[in-house]
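Asks:
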Amino acid sequence: MIKEFVALAALSGAVGCASMATPRQATLAGLADSTVIHDDIAYLASDRLEGRLTGTPGNDSAAAYLARRYATLGLRPTSPGYLQKFSAHSAADAHVGIMTGKPTQNVVAILPGTDSRLSNEYIVIGAHFDHLGRDSQFALDPEAKDAIRKGADDNASGTAAVLQLARMFKRARPRRSVIFVNFSGEEEGLLGSEWFVDHAPVPLDSIVAMINFDMVGRLRDNKLLVYGTATATELSALLDSANVHGAVPFKISGSGDGFGASDQSSFYGRGIPVLHFFTDNHEDYHRATDDVQKINSGGEARVVDLAYRVVESIDHLGSRPTFNRSTAASPMRTSASSGSQVYLGTIPDMAAGDTPGLKLTGVRPASPAETGGLMAGDVIIEFGGVKVTDLQSYSDALYAHKPGDTVKVGIVRAGKPMQISVTLAKRGG
Ligand SMILES: [Zn+2]
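Numbering-wise, our numbering puts 488 at position 406 of the sequence shown, and it's gapless, one number per residue.
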């Protein structure tokens with residue numbers, strides 16, 4: 083996930099119908115292979131790729147690997163090659179006076195649809211494949227210095243999910259065309275997906291939905307987050323239906339919003355319905371400890387199977403999903419937060435979904451949050467006199483302060499409103 087989320091994570095300490103066709107009988111094509119998922123993640127998160135930082139040889143090797151996989155699967159490139167080259171120039175680089183971008187590439191493959199009319203419509207299935215490499219700038223473990231941040235869950239897991247779906251849909255022969263894309267430059271601010279929508283290989287208005295996978299390798303307690311369900315009228319019912327058709331339905335939460343901390347935002351911003359699958363935040367997020375040993379590949383295979391059924395249901399719709407703009411809260415703001423060095427040490431509960439305020443799953447040991455008395459289960463409703471309704475308003479309120487500020491925090495603990503004082507520290511300090 084992106085650095086804005088990382089920045090927020092750093093300061094918070096850890097992170098973050100009627101027209102529906104009947105689903106087709108489950109086919110063999112609709113079963114993900116957990117062994118292949120594991121092996122793909124193991125390779126992408128191996129030391130030899132050095133964490134796939136945008137603009138490094140490890141990132142380029144990962145792209146070459148993905149291109150070979152698509153070629154082996156028999157999927158076509160959308161241009162003379164599978165690589166969509168671009169120059170990644172992040173706001174962070176610009177901020178420190180670096181004026182040139184880093185050469186990098188998205189990887190794009192296409193599976194033509196079988197229906198003569200509907201094949202002119204496209205479903206995009208995507209995930210970013212870049213990560214932080216040895217760069218500690220956006221890592222949450224600056225003490226690990228230049229250790230490789232391997233990004234097994236973030237986002238070798240999503241990359242492996244896209245490869246699985248490419249294999250599965252190649253056999254299933256969907257009616258609409260499907261574009262599989264692996265984005266680079268995500269961690270530096272959704273650069274690859276922004277480039278993709280600005281230079282799409284097909285007309286943007288022919289893309290009927292975008293399905294994103296970012297961090298899907300850590301399924302725990304059968305809990306799955308899906309964001310973007312309100313971005314098209316049909317999506318919520320369609321997801322529920324796909325879920326109950328699984329052998330063991332997931333406990334799904336999340337929110338309807340199409341803007342979030344990953345590549346789906348680039349598509350939603352262009353009027354395309356989106357879904358983002360996510361198996362939730364964890365202690366290894368953006369740390370050198372995010373490695374393949376901690377991946378639940380069997381769980382990920384189940385997430386992929388669910389996503390497969392969802393895409394299949396979208397493909398079975400007679401007409402494209404009905405886009406909803408009304409859910410749009412606001413895109414992730416970048417200007418307000420970039421450059422902020424504030425650290426508090428709260429760990430937001432990303433599963434709390436649409437509940438008002440910001441619920442905490444915990445606080446970092448020895449953090450200002452812990453020192454100030456914040457605890458797991460607390461719901462932050464006010465920060466420095468500013469009302470907190472969600473993660474975004476919390477981050478805005480937090481970023482308005484600087485290290486050393488003492489701030490009054492209004493919380494609800496076990497149903498009772500309370501007030502606590504915290505003294506903000508400096509990130510990485
Ligand atoms: Zn990330």
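The beta-carbon is built from N, C-alpha and C at its ideal position, and this holds for glycine as well.
1. With distances taken Cα to Cα, identify the nearest neighbour of Ala370 among Ser161, Ser218, Phe168 and Asp212.
2. From the DSSP output, read off the bridge partner residues of Glu464.
3. Touch check for the stretch 477-484 and the stretch 457-466: three-plus C-beta pairs under 8 angstroms?
4. Give the single residue among Gln501, Ala238, Asp339 and Val461 whose Cα lies nearest to the Cα of Arg300.
5. From Arg257, Gln375 and Glu225, pick the residue whose C-alpha is nearest to that of Asp121; which is it?
6. Hey, which unbroken runs of the alpha helix (DSSP H) at 4 residues or more fall wholly within the stretch 161-202?
7. Per the contact definition of three or more C-beta pairs closer than 8 angstroms, is the stretch 139-155 in contact with the stretch 199-218?
8. Check whether the stretch 286-306 and the stretch 358-373 are in contact - that is, three or more C-beta pairs closer than 8 angstroms.
9. For Glu512, I'd like the list of residues in its chain whose CB is within less than 8 angstroms of its CB, leaving aside the five on either flank, ordered along the chain.
10. Within this structure, are the beta carbons of Val190 and Pro162 separated by less than 8 angstroms?
11. Less than 7 angstroms separating the Cβ of His368 from some heavy atom of ligand 1?
12. Within the chosen definition, does the stretch 249-268 reach the stretch 311-318 through at least 3 CB pairs nearer than 8 angstroms?
13. In angstroms with no decimal places, state the Cα-to-Cα distance between Ala514 and His281.
14. Are there 16 or more other CB atoms within 10 angstroms of the CB of Met297, so buried, or fewer, so exposed?
15. Taking only three categories from DSSP, how would you classify Thr154?
16. Taking the continuous beta strand (DSSP E) assigned at Gln501, which residues delimit it?
17. Considering Cα atoms alone, identify which of Gly455, Gly459, Gln187 and Lys484 is closest to Gln501.
18. What does the alpha-carbon distance come out to for the pair Ala96 and Asp431?
19. Against chain C, with Cβ distances strictly below 8 angstroms, would Thr241 count as a contact?
20. Measure the Cβ-Cβ separation of Ala324 and Pro403 and say whether it is below 8 angstroms.
21. Determine the direct distance from the alpha carbon of Val263 to that of Gln166, and round the result to whole angstroms.
22. Heavy atom of ligand 1 less than 7 angstroms from the Cβ of Met250, yes or no?
23. Quick one: using the 10 Å Cβ neighbour count with 16 as the cut-off for buried, is Thr202 buried or exposed?
24. Is the beta carbon of Asp236 within less than 7 angstroms of some heavy atom of ligand 1?
25. Please classify Gly529 as buried or exposed, where buried requires at least 16 neighbouring CB atoms within 10 angstroms.
26. Would you call the stretch 167-186 in contact with the stretch 234-254, where contact means no fewer than 3 C-beta pairs closer than 8 angstroms?
27. Taking only the alpha-carbon atoms, compute the straight-line gap between Gly492 and Tyr476 and give it to the nearest angstrom.
Replies: Let's see:
1. Out of Ser161, Ser218, Phe168 and Asp212, Ser218 has the C-alpha closest to the C-alpha of Ala370.
2. Lys469 and Gly492
3. yes
4. Ala238
5. Gln375
6. 173-177
7. Flag = yes, the stretch 199-218 and the stretch 139-155 touch.
8. yes
9. A query on residue 512 cannot be resolved here, the shown segment of the chain reaching from 83 to 511 and no further.
10. no
11. yes
12. They do not touch, by the three-pair rule.
13. The structure shown does not extend to residue 514, since the chain spans only 83 to 511, so no value can be given for it.
14. buried
15. Of the three classes helix, strand and coil, the one that applies to Thr154 here is helix, per DSSP.
16. Lys498 to Thr505
17. Gly455
18. A caution first: Ala96 carries a pLDDT of 34, below 50, which makes its placement in the model unreliable, though a value can still be read off. Between Ala96 and Asp431, the C-alpha separation is close to 10 angstroms.
19. Although the question refers to chain C, the structure presented lacks it and comprises just one protein chain.
20. Result no, Cβ atoms of Ala324 and Pro403 do not sit closer than 8 angstroms.
21. 10 angstroms
22. Relative to ligand 1, the beta carbon of Met250 is positioned no closer than 7 angstroms to any heavy atom.
23. One detail in the question is off: residue 202 reads as Asn in this sequence, not Thr. Looking at its Cβ environment, which holds fewer than 16 other Cβ atoms inside 10 Å, Asn202 is exposed.
24. yes
25. This structure gives no information on residue 529, because the portion of the chain shown stretches from 83 to 511.
26. no
27. Across the structure, Gly492 and Tyr476 are spaced so that their CA atoms are roughly 12 angstroms apart.
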